[in-house]
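Enquirer:
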Amino acid sequence: MFVATVGLLPAAMWHAIDSDSQRPFAIVIVGGLIADLIMTLCLLPTFYVWWARPTDHLPKAEESRRIDAGDDIRKGE
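Per this note's numbering, residue 4 is the first one in the sequence shown, and the count goes up by one each step.
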């Protein structure tokens, strides 16, 4: 995503005669990619913190191995 944004910046900022048709598209794409990057890095973690309950937790490494193996966690196998 970052590489596409950096790659389209010259097309978005170019003011040559031939850039009249490509420049608006590049501006929209670069703006959308930057907005997506900000939402992914800032807003989603913030929403998670707001909506997460105190009892929510990630499974420990041992529990996740049991789940992957198909064992029943409640039986302690």
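No residue lacks a Cβ here, since even glycine has one placed at the ideal position from N, Cα and C.
(1) Under 8 Å Cβ to Cβ from M93, same chain only, skipping five residues before and after it: list those, please.
(2) What runs of the alpha helix (DSSP H), each 4 residues or longer, lie entirely inside the stretch 32-67?
(3) Please classify V9: is it buried, with 16 or more other beta-carbons within 10 angstroms of its beta-carbon, or exposed?
(4) Would you call the CB atoms of Q25 and A14 closer than 8 Å?
(5) In angstroms with no decimal places, state the Cα-to-Cα distance between I30 and L12.
Expert: The structure says:
(1) Outside the displayed range of the chain (4 to 80) lies residue 93, so it cannot be described from this structure.
(2) 47-54
(3) exposed
(4) Cβ atoms of Q25 and A14: closer than 8 Å.
(5) Rounded to the nearest angstrom, the two C-alpha atoms are 8 Å apart.
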